[in-house]
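Student: Just passing along the structure, written as structure tokens.
Next up, the structure:
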């Protein structure tokens, strides 16, 4: 079936013909959208759309730039359709004013628009259809996910596939290339993770993490604090906390260390198993800690001035980081006092779903008595719970600086 890229002639060969071949090089049935113009707004439909584009090294470089930008901001190797159309080359979390859009002579968005325009050239209202489709695609939350993108050799063209939205380890994909006469050829292939390790593969999937603030982004937003973690702590509205007390010497010469402040830090993190299909990308872990920060109450009345807080941050662990110990140095409890006897700790791998919460007690000591303070720690009902429970101050006195095991992950804590 012929397709004329008339509006894109300065950029392409005079005539481009899209031919779909099977894995043996024989003509294969054309996807339905090729005969009707606009593809369905589905993962498979968008993958078929990309398989019909006359991709070259410039467009692959654009995607590589975007996924590197996302990764440097603490997200997965992903290029959202929204950024593809609005700020070519920009990744999740990157500043739009830093976009590399001007460095691309023929960005992907131009290829897509020209390709769709030619598909609807003979249809009334075709231009309107194209712009409506592009607007919907941009707002869809779909993206190009490029696993193992750091291994790209700068030349090899990608295979195009999509998330089958199942636990399947393999899926159909499309291999495309341009003949010397401008013919776009497409061969259907089978794609699995081993293929993605050895050559570039673009997976059309749905974005899972752009709505969250990564640990790297938290650090950039607050460089003065600089240790990660989103700490919500303070007195109840309209009340003041009692002044904290630090190390002092008593009249007898003995040092009062009851209010010695220390900081609990997540030093490093290692994922020992994947929690998602490789088509869905990295595992996004949420580390959540519920406690009473800087607790210094000396009476039960003062205890009522304090409220529990939750420190939480997202850690994105890419496919090729399985089994690697990743340094984080993220603060979990900024003001640890000896009156904090236990706190709640939760690690989940994000899978979405309805918001729910885990109700658990943190324990504090006032005049040698222990009191439980209930904390609500939110998570999603479909999240994989890697580990949850209460950890005591004695636990950290014993295991600080050592690797400890929490289900499918290992972590190292430090008390500083």
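Numbering (my numbering), first residue to last: 25 to 440. The beta carbon of each residue, even a glycine, is placed where N, CA and C say it ideally should be.
#1: Determine whether the beta carbon atoms of residue 139 and residue 76 lie at a separation below 8 Å.
#2: Counting pairs of Cβ atoms below 8 Å between the segment 97 to 107 and the segment 227 to 238, do you hit three or more?
#3: Who are residue 229's beta bridge partners in DSSP?
#4: Taking a contact to mean a Cβ-Cβ separation below 8 Å, would you say residue 78 touches residue 135 in this structure?
#5: Going along the chain, which unbroken runs of the alpha helix (DSSP H) with 4 or more residues stay wholly within the segment 153 to 224?
#6: Compute the Euclidean distance between the alpha carbons of residue 192 and residue 361, then round it to the nearest angstrom.
#7: Out of 103, 95 and 151, which one is the CA nearest neighbour of residue 86?
#8: Would you say the segment 345 to 357 touches the segment 410 to 420, given that touching needs at least three Cβ pairs under 8 Å?
#9: Taking the straight line between their C-alpha atoms, what separation do you get for residue 440 and residue 286?
#10: So, at 6 Å on beta carbons, what are the nonlocal neighbours of residue 161 in its own chain, with the 5 sequence-adjacent residues on each side left out?
#11: If you draw a straight line from the alpha carbon of residue 426 to that of residue 420, how long is it in whole angstroms?
#12: Straight-line CA distance for residue 199 to residue 211?
#13: List the residues that DSSP assigns as beta-bridge partners of residue 99.
#14: If you pair each beta-carbon of the segment 174 to 189 with each one of the segment 296 to 304, do three or more pairs fall below 8 Å?
#15: Tell me the DSSP secondary structure of residue 81 in three-state form.
#16: Three-state secondary structure (DSSP) at residue 309?
#17: Whole angstroms are fine: how far does the CA of residue 172 sit from the CA of residue 182?
#18: To which residues does DSSP link residue 350 through a beta bridge?
#19: Does the Cβ-Cβ distance between residue 312 and residue 341 come in under 8 Å?
#20: Comparing C-alpha positions only, which one of 290, 194 and 230 sits nearest to residue 217?
#21: Excluding the five sequence neighbours on either side, which residues of its own chain have a C-beta within less than 6 Å of the C-beta of residue 56, listed in chain order?
#22: Consult DSSP for residue 253 and reduce its assignment to one of helix, strand or coil.
#23: Roughly how many whole angstroms lie between the Cα atoms of residue 383 and residue 107?
#24: Under 8 Å Cβ to Cβ from residue 428, same chain only, skipping five residues before and after it: list those, please.
#25: Give the range of the beta strand (DSSP E) segment to which residue 409 is assigned.
#26: Could you tell me how far apart the beta carbons of residue 356 and residue 289 are, in whole angstroms, since I believe they sit closer than 8 Å?
#27: Assign residue 152 to buried or exposed, taking buried as 16 or more other Cβ atoms, counted over all protein chains shown, within 10 Å of its Cβ.
#28: Beta-carbon within less than 7 Å of residue 300's beta-carbon, same chain only, minus the 5 sequence neighbours each way: which residues are those?
#29: How many whole angstroms separate the CB atoms of residue 406 and residue 359, which I take to be in contact at a CB cut-off of 8 Å?
#30: To the nearest whole angstrom, what separates the beta carbons of residue 81 and residue 179, a pair I think is in contact under 8 Å?
#31: Give every residue of the same chain whose Cβ lies closer than 8 Å to the Cβ of residue 65, excluding the five residues on either side of it in the sequence, and list them in chain order.
#32: For residue 379, does the count of other Cβ atoms within 10 angstroms reach 16, so buried, or fall short, so exposed?
#33: Roughly how many whole angstroms lie between the Cα atoms of residue 167 and residue 110?
#34: Please list the terminal residues of the continuous beta strand (DSSP E) segment that includes residue 439.
#35: Nearest CA to the CA of residue 154: which residue from 403, 367, 399 and 73?
#36: Between residue 1 and residue 113, is the Cβ-Cβ spacing less than 8 Å?
Tutor: The answer reads as follows:
#1: Translated into positions along the chain shown, residue 139 becomes position 115. Translated into positions along the chain shown, residue 76 becomes position 52. In this structure, residue 76 lies closer than 8 Å to residue 139 by Cβ.
#2: Result yes; three or more Cβ-Cβ pairs closer than 8 Å.
#3: Mapped onto the chain shown, residue 229 falls at position 205. Paired residues: 167.
#4: As a position in the chain shown, residue 78 is number 54, starting the count at 1. As a position in the chain shown, residue 135 is number 111, starting the count at 1. At a Cβ-Cβ threshold of 8 Å, residue 78 and residue 135 count as neighbours.
#5: Every unbroken stretch of the alpha helix (DSSP H) spanning 4 or more residues and falling wholly within the segment 153 to 224 is given here in chain order: 217 to 222.
#6: Residue numbering aside, residue 192 sits at position 168 when the chain shown is read from its first letter. Residue numbering aside, residue 361 sits at position 337 when the chain shown is read from its first letter. Near 49 Å, if we compare the C-alpha coordinates of residue 361 and residue 192.
#7: Here residue 86 refers to the residue found at position 62 when the chain shown is read from its first residue. Ranking 103, 95 and 151 by Cα distance to residue 86 puts 103 first.
#8: They do not touch, by the three-pair rule.
#9: Reading the chain shown from its first residue, position 416 is the one you call residue 440. Reading the chain shown from its first residue, position 262 is the one you call residue 286. Each residue's Cα considered, the two are about 6 Å apart.
#10: To locate residue 161, count along the chain shown from 1; it is residue 137. A distance below 6 Å between beta-carbons, with the five flanking residues on each side excluded, links residue 161 to the following residues of its chain, in chain order: 105.
#11: To locate residue 426, count along the chain shown from 1; it is residue 402. To locate residue 420, count along the chain shown from 1; it is residue 396. When rounded, the distance between both Cα atoms is 10 Å.
#12: As a first step, residue 199 must be located in the chain shown, where it is residue number 175. As a first step, residue 211 must be located in the chain shown, where it is residue number 187. Their Cα atoms are separated by approximately 5 Å.
#13: Stepping through the chain shown from its first residue, residue 99 is reached at position 75. Paired residue(s): none; residue 99 is not in a bridge.
#14: The segment 174 to 189, when compared against the segment 296 to 304, does touch it at the 8 Å Cβ threshold.
#15: Numbered from its first residue, the chain shown carries residue 81 at position 57. DSSP, read as helix, strand or coil, puts residue 81 in helix.
#16: Locating residue 309 in the chain shown gives position 285, counting from the first residue. DSSP places residue 309 in strand when its eight states are reduced to three.
#17: The residue given as residue 182 occupies position 158 in the chain shown. The residue given as residue 172 occupies position 148 in the chain shown. The alpha-carbon atoms of residue 182 and residue 172 are separated by roughly 12 Å.
#18: Translated into the one-based positions of the chain shown, residue 350 becomes position 326. According to DSSP, residue pairing for residue 350 in a beta bridge involves 293.
#19: In the chain shown, counting from the first residue as 1, residue 312 sits at position 288. In the chain shown, counting from the first residue as 1, residue 341 sits at position 317. Taking 8 Å as the Cβ cut-off, residue 312 and residue 341 do not qualify as a contacting pair.
#20: Along the chain shown, read from residue 1 onward, the residue named residue 217 stands at position 193. Nearest neighbour of residue 217 by Cα position, chosen from 290, 194 and 230, turns out to be 194.
#21: Within the chain shown, numbered from 1, the residue matching residue 56 stands at position 32. Reliability fails at residue 56, whose pLDDT of 45 lies under 50, so the model's placement of it is uncertain and the value that follows must be treated cautiously. Taken in chain order, the list of residues that qualify is empty.
#22: Working through the chain shown from its first residue, we reach residue 253 at position 229. Because the pLDDT at residue 253 is just 37, under 50, the model does not fix this residue reliably, and the value given afterwards should be weighed accordingly. Of the three classes helix, strand and coil, the one that applies to residue 253 here is coil, per DSSP.
#23: Counted from its first residue, the chain shown places residue 383 at position 359. Counted from its first residue, the chain shown places residue 107 at position 83. Rounded to the nearest angstrom, the two C-alpha atoms are 38 Å apart.
#24: Within the chain shown, residue 428 is the residue found at index 404, counting from 1. Result list for residue 428: 434, 435, 436 and 437, in chain order.
#25: As a position in the chain shown, residue 409 is number 385, starting the count at 1. Judged by DSSP secondary structure, residue 409 falls within the beta strand (DSSP E) whose first and last residues are 408 to 416.
#26: Sequence index remark: in the chain shown, residue 356 carries index 332 (1-based). Sequence index remark: in the chain shown, residue 289 carries index 265 (1-based). The beta carbons of residue 356 and residue 289 sit about 7 Å from each other, so the pair counts as a contact at 8 Å.
#27: As a first step, residue 152 is located in the chain shown; it is residue number 128 there, counting from the start. Taking all protein chains in view, the Cβ of residue 152 is surrounded by fewer than 16 other Cβ atoms within 10 Å, so the residue is classified as exposed.
#28: By 1-based counting over the chain shown, the position of residue 300 is 276. Excluding five sequence positions before and after residue 300, the CB atoms of its chain that fall closer than 7 Å to its own CB belong to 307, given in chain order.
#29: Mapped onto the chain shown, residue 406 falls at position 382. Mapped onto the chain shown, residue 359 falls at position 335. No, residue 406 and residue 359 are not in contact; Cβ-Cβ is about 34 Å, not under 8 Å.
#30: The count along the chain shown starts at 1 and reaches residue 81 at position 57. The count along the chain shown starts at 1 and reaches residue 179 at position 155. Beta-carbon to beta-carbon, residue 81 and residue 179 are separated by about 7 Å, close enough to satisfy the 8 Å threshold.
#31: Your numbering for residue 65 matches position 41 in the chain shown. Taken in chain order, the residues that qualify are 157, 160, 161 and 164.
#32: Position 355 of the chain shown holds residue 379. Counting Cβ neighbours within 10 Å, residue 379 comes out exposed, since fewer than 16 surround it.
#33: The residue you call residue 167 lines up with position 143 of the chain shown. The residue you call residue 110 lines up with position 86 of the chain shown. Within the model, the alpha-carbon separation for residue 167 versus residue 110 is close to 13 Å.
#34: What you label residue 439 is simply residue 415 of the chain shown in a count that begins at 1. In this chain, the beta strand (DSSP E) harbouring residue 439 covers 433 to 439.
#35: Position 130 of the chain shown, counting from 1, holds the residue named residue 154. Ranking the options by Cα distance to residue 154, first place goes to 73.
#36: What the structure shows of the chain is the stretch from 25 to 440, and residue 1 is not part of that stretch, so it cannot be assessed.
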